[in-house]
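Taking it in order: structure first as structure tokens, then the write-up.
There are 4 protein chains.
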Amino acid sequence: MTSAPNPQRRSEKSRQAILAAALALSGERGYGAVTVEAIASRAGVSKKTIYRWWPTKGAVILEALSDMAEAATPFPDTGDLPTDLHTQMAAVLDFLSSPVTGSAYAGLIAESQHDPGLAEALTAQLVGPRVAVAKQRLARAQQQGQLPADADLQLIVELLYGPVYYRHLLHLGPYSRDRLRELVDRVLDRWS
Amino acid sequence: MTSAPNPQRRSEKSRQAILAAALALSGERGYGAVTVEAIASRAGVSKKTIYRWWPTKGAVILEALSDMAEAATPFPDTGDLPTDLHTQMAAVLDFLSSPVTGSAYAGLIAESQHDPGLAEALTAQLVGPRVAVAKQRLARAQQQGQLPADADLQLIVELLYGPVYYRHLLHLGPYSRDRLRELVDRVLDRWS
Amino acid sequence: MTSAPNPQRRSEKSRQAILAAALALSGERGYGAVTVEAIASRAGVSKKTIYRWWPTKGAVILEALSDMAEAATPFPDTGDLPTDLHTQMAAVLDFLSSPVTGSAYAGLIAESQHDPGLAEALTAQLVGPRVAVAKQRLARAQQQGQLPADADLQLIVELLYGPVYYRHLLHLGPYSRDRLRELVDRVLDRWS
Amino acid sequence: MTSAPNPQRRSEKSRQAILAAALALSGERGYGAVTVEAIASRAGVSKKTIYRWWPTKGAVILEALSDMAEAATPFPDTGDLPTDLHTQMAAVLDFLSSPVTGSAYAGLIAESQHDPGLAEALTAQLVGPRVAVAKQRLARAQQQGQLPADADLQLIVELLYGPVYYRHLLHLGPYSRDRLRELVDRVLDRWS
DNA sequence: TCTTAATCGAGACGGTACGTCAGGTCTTCAA
DNA sequence: TTGAAGACCTGACGTACCGTCTCGATTAAGA
Numbered sequence: 039m040t041s042a043p044n045p046q047r048r049s050e051k052s053r054q055a056i057l058a059a060a061l062a063l064s065g066e067r068g069y070g071a072v073t074v075e076a077i078a079s080r081a082g083v084s085k086k087t088i089y090r091w092w093p094t095k096g097a098v099i100l101e102a103l104s105d106m107a108e109a110a111t112p113f114p115d116t117g118d119l120p121t122d123l124h125t126q127m128a129a130v131l132d133f134l135s136s137p138v139t140g141s142a143y144a145g146l147i148a149e150s151q152h153d154p155g156l157a158e159a160l161t162a163q164l165v166g167p168r169v170a171v172a173k174q175r176l177a178r179a180q181q182q183g184q185l186p187a188d189a190d191l192q193l194i195v196e197l198l199y200g201p202v203y204y205r206h207l208l209h210l211g212p213y214s215r216d217r218l219r220e221l222v223d224r225v226l227d228r229w230s
Numbered sequence: 039m040t041s042a043p044n045p046q047r048r049s050e051k052s053r054q055a056i057l058a059a060a061l062a063l064s065g066e067r068g069y070g071a072v073t074v075e076a077i078a079s080r081a082g083v084s085k086k087t088i089y090r091w092w093p094t095k096g097a098v099i100l101e102a103l104s105d106m107a108e109a110a111t112p113f114p115d116t117g118d119l120p121t122d123l124h125t126q127m128a129a130v131l132d133f134l135s136s137p138v139t140g141s142a143y144a145g146l147i148a149e150s151q152h153d154p155g156l157a158e159a160l161t162a163q164l165v166g167p168r169v170a171v172a173k174q175r176l177a178r179a180q181q182q183g184q185l186p187a188d189a190d191l192q193l194i195v196e197l198l199y200g201p202v203y204y205r206h207l208l209h210l211g212p213y214s215r216d217r218l219r220e221l222v223d224r225v226l227d228r229w230s
Numbered sequence: 039m040t041s042a043p044n045p046q047r048r049s050e051k052s053r054q055a056i057l058a059a060a061l062a063l064s065g066e067r068g069y070g071a072v073t074v075e076a077i078a079s080r081a082g083v084s085k086k087t088i089y090r091w092w093p094t095k096g097a098v099i100l101e102a103l104s105d106m107a108e109a110a111t112p113f114p115d116t117g118d119l120p121t122d123l124h125t126q127m128a129a130v131l132d133f134l135s136s137p138v139t140g141s142a143y144a145g146l147i148a149e150s151q152h153d154p155g156l157a158e159a160l161t162a163q164l165v166g167p168r169v170a171v172a173k174q175r176l177a178r179a180q181q182q183g184q185l186p187a188d189a190d191l192q193l194i195v196e197l198l199y200g201p202v203y204y205r206h207l208l209h210l211g212p213y214s215r216d217r218l219r220e221l222v223d224r225v226l227d228r229w230s
Numbered sequence: 039m040t041s042a043p044n045p046q047r048r049s050e051k052s053r054q055a056i057l058a059a060a061l062a063l064s065g066e067r068g069y070g071a072v073t074v075e076a077i078a079s080r081a082g083v084s085k086k087t088i089y090r091w092w093p094t095k096g097a098v099i100l101e102a103l104s105d106m107a108e109a110a111t112p113f114p115d116t117g118d119l120p121t122d123l124h125t126q127m128a129a130v131l132d133f134l135s136s137p138v139t140g141s142a143y144a145g146l147i148a149e150s151q152h153d154p155g156l157a158e159a160l161t162a163q164l165v166g167p168r169v170a171v172a173k174q175r176l177a178r179a180q181q182q183g184q185l186p187a188d189a190d191l192q193l194i195v196e197l198l199y200g201p202v203y204y205r206h207l208l209h210l211g212p213y214s215r216d217r218l219r220e221l222v223d224r225v226l227d228r229w230s
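Protein chains in written order, with the working numbering: chain R, 39 to 230; chain B, 39 to 230; chain V, 39 to 230; chain A, 39 to 230.
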């Protein structure tokens, strides 16, 4: 997706400016305002430079979000499984609700509906890794006997994240911290 | 959304042609090919006629899907709660997976990310009603003692539909009928 | 041009309103604002009614101008040829320069460049009759010996009106009364 | 009118194609067929490119005609004033009557009736220069004593060109070469 | 240190679709 | 049976972005 013809001479300054401009536009004026031309103009960069390094404006947004997500809290392991899950999901919720990243992420999911390549990159770079660490945490809990050996980890993950994304993408409003805790407890209930 | 200034003399023939053309385009060439110009051309209708009755191509698609959904199976009540839920959710799943309605529905959710008016209409006309009948079925089960009196029906609904939408919108592949049954059983298990 | 399919039941009130609206629009907002829709709206009349009686907006304007021109001063005969010519030409000049009729007339000539039917009607109904009376006046002067028997009356008319239209249509500003008098004298001078 | 924001990198090939397409359309199917879309389509050019360099289709036609007119015969000076005038006016007449330029020029004058900017550009670029050289020729004749010192050159020009435009724009048919000669002789008669 | 080749900004280019406007035809309903 | 109202198809308008492309100017290698 973010293939680079020859990354040696790539201008890091331009790259930063482009990613920042894309996020800023999305945050300030909505994902609809994110346009290659608008990004170029705001970043003080030519369109050619963007197309040289990214195939799509979606790829730009994805890279911007990936950069941010990497910096965000990794999955904690305090020994208390429900609390750890709640901590991590709260981070995801903040990501979805933040004025900066929220519309960008929602727009990205939206755009991935018509762009298979973007869809793949999105799961590979943004969603997949986070799901993977969640599963790892659950597997560890399973090894420690906090979850039955035959617990279906994939289903647990879907029961946890599904409702969060569902509410967000259908504009039903985000979960409160308390409600999120309730969700986690209820899902783990019969497994723990 | 789909407000009509003066629907008295509206041409029903044109309306049908437009909705059919929109769905057909989406099914055959993807949501990206759904364009006001393309709809007009295929429906043998002028763009003006579309803009007269719908504010957005999204509103056209929404109306087309609403028309279809109304005709689809209503929520059954056989007395067997898990089976009834499974039946209804399978209908939703088919709606999401069908080559005809699938890309249209996904595209609609996508577009609603940048269009608040469309988002509202989407929940009001398409999602809301179906969630409402699901809740009614659950409430009836509750009255009959199949669910505890303090069960959180809203949470149940989200645990059921959340994963389905989640998998669909993040392109993780649809549930099989068996897997769907497992999901229903697992969720209800928590309140038995 | 202004043919009437069935003039029996034609509403004189509507006719007046339409002609007045057309002239008013042209005078107030320029010929470009003269639109069948605008005329209909301002005259409180349906488009159909206009199309029933006139083939073109140009025909409407033409009829409006013809009505006015008929009411204007006929060609005088005081015995003094240069003065009579000057009087008549001043009337034409006023017609061209008036805020009410000016842009309408210019627009009509303009439109006649792409509409042969309108062009024919324009000369037949508006220009032709006025040229004819001018020629009649010149012929009378010729009979009375004020012009040589072999004077080319057609050429005289063209030398008189040509410059007036030329200046007007090429936006060189209208003649002053004095300058107009000079023109008449100079032209007649050639045949004295 | 035909101002260029930054003409350095303007594509001369596109410019030529656009001007040629505009003239061809006007010649083949009349000025009414001259449409920005039709020009773009025939010239193999995007509409944006036309709008980038010209404000109006009229401006395109004007530039096309200016290019042609520049290439046409300059005002001759054989020493014989009437003949020189006749030569030059015959060129104008051909311009007006040619199937290629005729309808374009007439349409241009027509359009200038509702477009003040175009009107100005028309006189500045097309009409003005040609009138100026005519006046220069007359002034030279005046210095050589072929015309009286107090001859009104402006009026002479109007008496010469006025009738030509008058007949053309009111669709009275063009002058024959002989008739044109007659006109010139008659106008110069009392001044020479 | 100096070349030299890729990258940079700028923005013109051929396109597609947008949403609007006017033209001219046709249907419905009240008078 | 007319006329006001206005829906309808057509086609052009002028604009916004798309993704590609040439320009010089800059810049960071490798010679």
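All C-beta atoms in this analysis are idealised placements derived from N, C-alpha and C, irrespective of residue type, glycine included.
>> Less than 8 Å between the C-beta atoms of P212 of chain R and L131 of chain R, yes or no?
In response: Less than 8 Å divides the Cβ of P212 of chain R from the Cβ of L131 of chain R.
>> L218 of chain V and A128 of chain V - do their beta-carbons sit closer together than 8 Å?
In response: Contact: yes.
> Does G70 of chain A have its Cβ less than 8 Å from a Cβ in chain V?
Replying inline: Interface with chain V (8 Å Cβ-Cβ cutoff): G70 of chain A is included.
>> Would the region 192-210 of chain V count as touching the region 165-173 of chain V if we require 3 or more Cβ pairs under 8 Å?
In response: Contact between the region 192-210 of chain V and the region 165-173 of chain V is present, because at least three Cβ pairs lie under 8 Å.
> Exposed or buried, S230 of chain B, counting other C-beta atoms within 10 Å across all chains shown (16 or more means buried)?
Replying inline: Flag for S230 of chain B reads exposed.
> What's the C-alpha gap between G65 of chain B and I77 of chain V?
Replying inline: G65 of chain B and I77 of chain V have their C-alpha atoms spaced approximately 45 Å apart.
> Beta carbon of T161 of chain R, beta carbon of L208 of chain B: below 8 Å?
Replying inline: In contact: T161 of chain R and L208 of chain B (Cβ atoms closer than 8 Å).
> How many angstroms separate the CA atom of Q192 of chain B from the CA atom of H206 of chain B?
Replying inline: Each residue's alpha carbon lies about 21 Å from the other.
>> Which residues in chain B have a C-beta closer than 7 Å to the C-beta of A157 of chain R? List them in chain order.
In response: At a C-beta separation below 7 Å, A157 of chain R has these neighbours in chain B: H209.
> How many Å lie between A60 of chain A and G68 of chain R at the Cα?
Replying inline: A60 of chain A and G68 of chain R: Cα-Cα distance of roughly 42 Å.
> Between L63 of chain A and the rest of its own chain, which residues show a CB-CB distance below 7 Å, the 5 nearest in sequence each way excluded?
Replying inline: The answer, listed in chain order, is A71, V72, A76, I77 and R80.
> Going by the beta-carbon positions, is the gap between S52 of chain V and V98 of chain V smaller than 8 Å?
Replying inline: Cβ distance not < 8 Å, so S52 of chain V and V98 of chain V don't count as in contact.
>> Please state the DSSP three-state secondary structure of L208 of chain V.
In response: Note: L208 of chain V maps to coil in three-state DSSP.
>> Considering Cα atoms alone, identify which of R:L57, R:D190 and R:L100 is closest to E158 of chain R.
In response: Nearest of R:L57, R:D190 and R:L100 to E158 of chain R, Cα basis: R:L100.
> Mind checking S237 of chain B: buried by the 16 CB within 10 Å criterion, or exposed?
Replying inline: Because chain B spans 39 through 230 in this model, residue 237 of chain B falls outside it and cannot be assessed.
> Out of A:D122, A:S136, A:W91 and A:R90, which has the shortest C-alpha to C-alpha gap to Q174 of chain A?
Replying inline: Proximity to Q174 of chain A across A:D122, A:S136, A:W91 and A:R90 peaks at A:D122, based on C-alpha coordinates.
>> Taking 8 Å as the threshold (beta carbon to beta carbon), is G200 of chain B in contact with chain R?
In response: The beta carbon of G200 of chain B falls within 8 Å of a beta carbon belonging to chain R, placing the residue at that interface.
>> Given this structure, state the Cα-to-Cα distance separating P93 of chain B from I147 of chain R, to the nearest angstrom.
In response: Between P93 of chain B and I147 of chain R, the C-alpha separation is close to 24 Å.
> Which residues in the same chain have their Cβ closer than 8 Å to the Cβ of D118 of chain B, if we skip the five residues on either side of it in sequence?
Replying inline: Closer than 8 Å at the Cβ level, and outside the excluded window around D118 of chain B, lies no residue.
>> Tell me which residues share the same chain as Q184 of chain B and place their Cβ nearer than 8 Å to its Cβ, disregarding the 5 neighbours each side in the sequence.
In response: Closer than 8 Å at the Cβ level, and outside the excluded window around Q184 of chain B, lie L119.
> Nearest-angstrom Cα distance between A55 of chain B and S150 of chain R?
Replying inline: Straight-line Cα distance between these residues: approximately 29 Å.
>> I need the DSSP call for V225 of chain V, collapsed to helix, strand or coil.
In response: V225 of chain V: helix per DSSP, three-state reduction.
> Quick one: does M39 of chain R have its CB under 8 Å from some CB of chain B?
Replying inline: Because the pLDDT of M39 of chain R is 41, which lies under 50, any placement of that residue in the model is unreliable, and the number read from its coordinates should be weighed accordingly. Cβ-Cβ to chain B under 8 Å: no for M39 of chain R.
> Taking Cβ-Cβ distances shorter than 9 Å, what residues in chain A pair up with R168 of chain V?
Replying inline: Chain A residues near R168 of chain V: none, gap ~11 Å exceeds 9 Å.
> Within this structure, are the beta carbons of G145 of chain A and H152 of chain V separated by less than 8 Å?
Replying inline: Yes.
> So what does DSSP say about V165 of chain R, is it helix, strand or coil?
Replying inline: Of the three classes helix, strand and coil, the one that applies to V165 of chain R here is helix, per DSSP.
> Can you tell me the Cα-Cα spacing of W91 of chain R and G155 of chain R, whole angstroms?
Replying inline: Straight-line spacing of the CA atoms in W91 of chain R and G155 of chain R works out to 15 Å.
>> Residues of chain R with CB closer than 8 Å to the CB of R205 of chain B, please, in chain order.
In response: The answer, in chain order, is E196 and G200.
>> Using the three-state DSSP reduction, which class does H124 of chain V fall into: helix, strand or coil?
In response: In this structure, H124 of chain V counts as helix in the three-state DSSP scheme.
> Since Q151 of chain B meets chain R, which of its residues come closer than 7 Å, beta carbon to beta carbon?
Replying inline: Among the residues of chain R, those whose CB is under 7 Å from the CB of Q151 of chain B are Y69, A144, G145 and A148, following chain order.
> Near V195 of chain V, what residues of its chain come up, given a Cβ to Cβ distance below 7 Å and the 5 sequence neighbours on each side ignored?
Replying inline: The answer, listed in chain order, is V169, A172 and K173.
>> Short of 8 Å in beta carbon distance, which residues of its chain neighbour P112 of chain A, apart from the five on each side in sequence? Order them along the chain.
In response: The residues V171, in chain order, have a CB closer than 8 Å to that of P112 of chain A in the same chain once the five nearest residues on each side in sequence are set aside.
>> Check for me: the alpha helix (DSSP H) holding L156 of chain B runs from which residue to which?
In response: Unbroken alpha helix (DSSP H) run through L156 of chain B: P154 to L160.
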